[in-house]
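Taken in sequence, the protein lines are chains P and X.
Numbering follows the working numbering, with no gaps: position 21 of the first sequence is 21.
Numbering follows the working numbering, with no gaps: position 1 of the second sequence is 1001.
Report on the structure given below.
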Amino acid sequence: MLKVSNINVYYDIIYAVKDVSFEVNAGEIVSLIGANGAGKSTILKTLSGLLKSETGSISFLDNEIKNMLPNEIVKLGIVHVPEGRRIFANMTVKENLEVGGYVRSKKEVEEGIEDIFFRFPRLKERHRQLAGTLSGGEQQMLAIGRALMSKPTLLMFDEPSMGLAPLLIAQVFEIIKELNSLGTTILLVEQNAQMALSISNRGYVLENGKIVISDDSKSLLQNDIVKCAYLGS
Amino acid sequence: MHRFNWLLIFSQFINGLQLGSIYALISLGYSMVYGIIMLLNFAHGDIIMVGGYIALISILNRFGPFISVFFAISGCAVISVLIERLAYRPLRKASKTSLLITAIGVSIFLQNLAQLIFSANGRPFPASSILKNNKMRFGKINVNSVTIITILISIISMLLLVILVHKTKLGKAMRAVSEDLESGQLMGINIDKVISFTFILGSSLAGIASIMFCCQYPLVNPTMGYMIGMKAFIAAVLGGIGSIPGAVVGGFTIGFVEIFVSAIGFSAWIDVAVFAVLIIVLLIRPFGILGRRLTEKV
């Protein structure tokens, strides 16, 4: 479904991602794990068009998306839930969802909002509240709901566990698993490698902008290097 | 004992509302554009001058008041969209300083272009062909009809703006982008479209303000936009730049300060008073009256 070949991304002159290639197949959950600054977020931003790769290619459902604008990429079905949630704090919960459905028709937006409210009743209770007044967990629900509004085929999460209490983290991962079982392909970026690998099919380990290990998640969880560096044992 | 003159105070209040509403309309353009692309668009004041000349030429060519006003407003919108396309868009990724200097350059360019076409001399504006100024009496109070119409049209325009920004898809996209540009892009919002929309809104309001201003002070000249623009910019900063209600509050504040200072007999000190108010407010509230401190919740 998604095939990334040899992308290189710089911030000014600093190398952020070096010659990265990986694939995500339809129906999978794939994790990119690695330490802070390894280039995980940079990869997601490149996929969603916020950053540009100088080289290589990114193909999604047979479209070359490397040089596309973010809004064109969203239309194709790749949606990125950014790190730190980045909800629109001064807009209401409902308005956040409406903006999330920007590429969809009015009717689809209305139906989408109904769906999201059914899935996340907390958001329905608070639909008139400003999003900035929600708790961290509710904001993450809103960020996910907002991303679902554009009906993605590939949903990319950047550190969905960040800043959440353990119980909420488990809940967020439960939601991700459920979305996947309903047919959405997931690309997951996490520092919490244990959690990420436990729900994903395959994983890639990034170090200093390079992919150093790739394997299925079960093997990665057993891999000594991964255990030592990312699983804390 | 000297009796307090309530009638005088009331008519000065009306004058304050009139001037304030003109400033508010203009400062909205500064504030909205800043909210979206973090640009202090110094060419915005000169859009007032552009509107003034377009209205003048249209009237002189006998296009009736409605068509002339329409030409002026849409001309302002077209020119500011062109400015964004040609001057600001290529610098989208450049530093904010380059963008700021470009805006100042565009302002100088517009003033000199107007000078080249219309000469540096001011031209009388045929205000009465657009709005006949009648004296209206409310009990013991005399008010100019231009004053009342200015206040009403400004309020209607601001209400329309609020509806547009809160109820339409593009308006919501605009608010989203002004809060978080990147996050807005991730929602599939075409930011070029939103930026053009913002420039159209801001400059149309400036076009309306331009007509109102010219009807009250019927003289157009190439640099007329400079000081009004500067005052409106101060109003935007005073109210909290980036905030729509802030721009309105700032605009009325500056309007009232000017009228108050001239009413107590210090009309030569108007500009001093405006800048002094700005300095004092910024000392107490560095983000402006309704501005928000930029905090990041992680």
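All residues carry an ideal CB built from backbone N, CA and C; glycine is no exception.
What residues in its chain sit with their C-beta under 8 Å from that of residue 154 of chain P, if we drop five residues either side in the sequence?
Residue mapping note: residue 154 of chain P aligns to position 154 of the first sequence, counting from 1. Only 1, 2, 24, 60, 77, 78, 79, 184, 185, 186 and 187 meet the Cβ criterion.
Please name the residue in X:1009, X:1008, X:1019 and X:1012 whose C-alpha comes closest to that of residue 1217 of chain X.
Indexing the second sequence from 1 puts residue 1217 of chain X at position 217. If we check each option's Cα against that of residue 1217 of chain X, X:1019 comes out closest.
Give me, in chain order, the residues of the same chain whose beta-carbon lies closer than 7 Å to that of residue 9 of chain P; leave out the 5 immediate sequence neighbours on both sides.
What you label residue 9 of chain P is simply residue 9 of the first sequence in a count that begins at 1. So the qualifying residues of the chain are 16, 17, 42, 46, 51 and 53.
Segment limits, alpha helix (DSSP H) that includes residue 1253 of chain X
Locating residue 1253 of chain X in the second sequence gives position 253, where the first residue counts as 1. Note, residue 1253 of chain X: alpha helix (DSSP H), 1244-1263.
How many angstroms separate the CA atom of residue 192 of chain P from the CA atom of residue 1182 of chain X?
The residue you call residue 192 of chain P lines up with position 192 of the first sequence. The residue you call residue 1182 of chain X lines up with position 182 of the second sequence. Each residue's Cα considered, the two are about 25 Å apart.
In three-state terms, what does DSSP make of residue 1030 of chain X?
The residue you call residue 1030 of chain X lines up with position 30 of the second sequence. In this structure, residue 1030 of chain X counts as helix in the three-state DSSP scheme.
So, does the stretch 1266-1273 of chain X touch the stretch 1062-1075 of chain X, judging by three or more C-beta pairs under 8 Å?
no
What do you get for residue 228 of chain P, buried or exposed, if any count of 16 or more other CB atoms within 10 angstroms of its CB means buried?
Reading the first sequence from its first residue, position 228 is the one you call residue 228 of chain P. So residue 228 of chain P ends up on the exposed side.
Rounding to the nearest angstrom, what Cα-Cα distance links residue 1244 of chain X and residue 1154 of chain X in this structure?
Along the second sequence, read from residue 1 onward, the residue named residue 1244 of chain X stands at position 244. Along the second sequence, read from residue 1 onward, the residue named residue 1154 of chain X stands at position 154. Those two C-alpha atoms are separated by around 14 Å.
Taking Cβ to Cβ, would you say residue 1195 of chain X is nearer than 8 Å to residue 1184 of chain X?
On the second sequence, position 195 is the one that residue 1195 of chain X refers to. On the second sequence, position 184 is the one that residue 1184 of chain X refers to. The answer is no: Cβ separation not under 8 Å.
Step through the CB atoms of chain C and report whether any lies within less than 8 Å of the CB of residue 66 of chain P.
Within the model displayed, chain C is absent; protein chains P and X are what it includes.
Check whether the stretch 155-174 of chain P touches the stretch 125-144 of chain P, counting contact only when three or more Cβ pairs, one atom from each stretch, lie closer than 8 Å.
yes
Quick one: does residue 1016 of chain X have its CB under 8 Å from some CB of chain P?
The residue labelled residue 1016 of chain X in the question sits at position 16 within the second sequence. Not an interface residue.
For the candidate residues P:216, P:62 and P:91, whose alpha-carbon lies nearest to that of residue 139 of chain P?
Counted from its first residue, the first sequence places residue 139 of chain P at position 139. Selected option, being the one with the closest Cα: P:91.
For a contact meaning CB atoms closer than 8 Å, what does residue 1227 of chain X contact in chain P?
Numbered from 1 along the second sequence, position 227 holds the residue referred to as residue 1227 of chain X. Per Cβ cutoff of 8 Å: no residues; residue 1227 of chain X is ~33 Å from chain P at best.
Own chain, CB closer than 6 Å to residue 1297 of chain X, minus 5 neighbours either side, in chain order
Translated into the one-based positions of the second sequence, residue 1297 of chain X becomes position 297. With a pLDDT of 39 at residue 1297 of chain X, under the threshold of 50, the predicted position of this residue should be treated as unreliable, and no value is reported.
Bounding residues of the beta strand (DSSP E) (the contiguous stretch that carries residue 973 of chain X):
Residue 973 of chain X cannot be examined here, being either before or after the span of chain X that is shown, 1001 to 1298.
Quick check: residue 181 of chain P and residue 203 of chain P, are their CB atoms within less than 8 Å of each other?
Taking the first sequence and counting its residues from 1, the one referred to as residue 181 of chain P is at position 181. Taking the first sequence and counting its residues from 1, the one referred to as residue 203 of chain P is at position 203. No, the Cβ-Cβ distance between residue 181 of chain P and residue 203 of chain P is not below 8 Å.
Check the DSSP bridge columns for residue 215 of chain P and list the partner residues they point to.
The residue given as residue 215 of chain P occupies position 215 in the first sequence. According to DSSP, residue 215 of chain P bridges with P:203.
Between which residues of its own chain and residue 1203 of chain X is the CB-CB distance below 8 Å, once the five residues before and five after are set aside?
As a first step, residue 1203 of chain X must be located in the second sequence, where it is residue number 203. Answer for residue 1203 of chain X: 1029, 1044, 1047, 1076, 1077, 1079, 1080 and 1081, listed in chain order.
Just to confirm my understanding: we take residue 201 of chain P, look at its own chain, exclude 5 residues before and 5 after, and list those with CB closer than 7 Å. What are they?
Taking the first sequence and counting its residues from 1, one reaches residue 201 of chain P at position 201. Cβ neighbours of residue 201 of chain P beyond the five flanking positions: 28, 29, 30, 216 and 217.
Proximity winner among X:1015, X:1215 and X:1179, relative to residue 1258 of chain X (alpha-carbon distances)
Reading the second sequence from its first residue, position 258 is the one you call residue 1258 of chain X. The candidate whose alpha carbon is nearest that of residue 1258 of chain X is X:1015.
Under three-state DSSP, which class holds residue 110 of chain P?
Counted from its first residue, the first sequence places residue 110 of chain P at position 110. Residue 110 of chain P falls in the helix class under three-state DSSP.
Residues that DSSP places opposite residue 1124 of chain X in a beta bridge
To locate residue 1124 of chain X, count along the second sequence from 1; it is residue 124. Bridge partners of residue 1124 of chain X: X:1219.
Beta-carbon neighbours of residue 100 of chain P, restricted to chain X and to distances below 7 Å
Within the first sequence, the letter at position 100 stands for residue 100 of chain P. Correct list: 1187.
Return the residues of the stretch 1170-1195 of chain X that lie within a Cβ-Cβ distance of less than 7 Å from chain P, sorted by chain order.
1172, 1173, 1175, 1176, 1179, 1180, 1182, 1183, 1185, 1186, 1187, 1188, 1189 and 1190
Comparing alpha-carbon positions, which option in X:1032, X:1125 and X:1098 lies nearest residue 1054 of chain X?
Counting from one through the second sequence, the residue named residue 1054 of chain X turns up at place 54. Answer by Cα proximity: X:1125.
Helix, strand or coil for residue 1089 of chain X per DSSP?
Working through the second sequence from its first residue, we reach residue 1089 of chain X at position 89. Helix, per DSSP.
Which parts of the stretch 72-137 of chain P are runs of the beta strand (DSSP E), unbroken and 3 residues or longer, counting only runs that do not cross its ends?
78-81
For residue 1164 of chain X, I'd like the list of residues in its chain whose CB is within less than 6 Å of its CB, leaving aside the five on either flank, ordered along the chain.
Counted from its first residue, the second sequence places residue 1164 of chain X at position 164. Excluding residues within five positions, the ones whose Cβ falls inside 6 Å are 1171.
Any idea what DSSP makes of residue 184 of chain P, helix, strand or coil?
Indexing the first sequence from 1 puts residue 184 of chain P at position 184. DSSP places residue 184 of chain P in coil when its eight states are reduced to three.
For the beta strand (DSSP E) that contains residue 1137 of chain X, what are its first and last residues?
Indexing the second sequence from 1 puts residue 1137 of chain X at position 137. Taken as a continuous stretch (DSSP letters only), the beta strand (DSSP E) holding residue 1137 of chain X covers 1135-1138.
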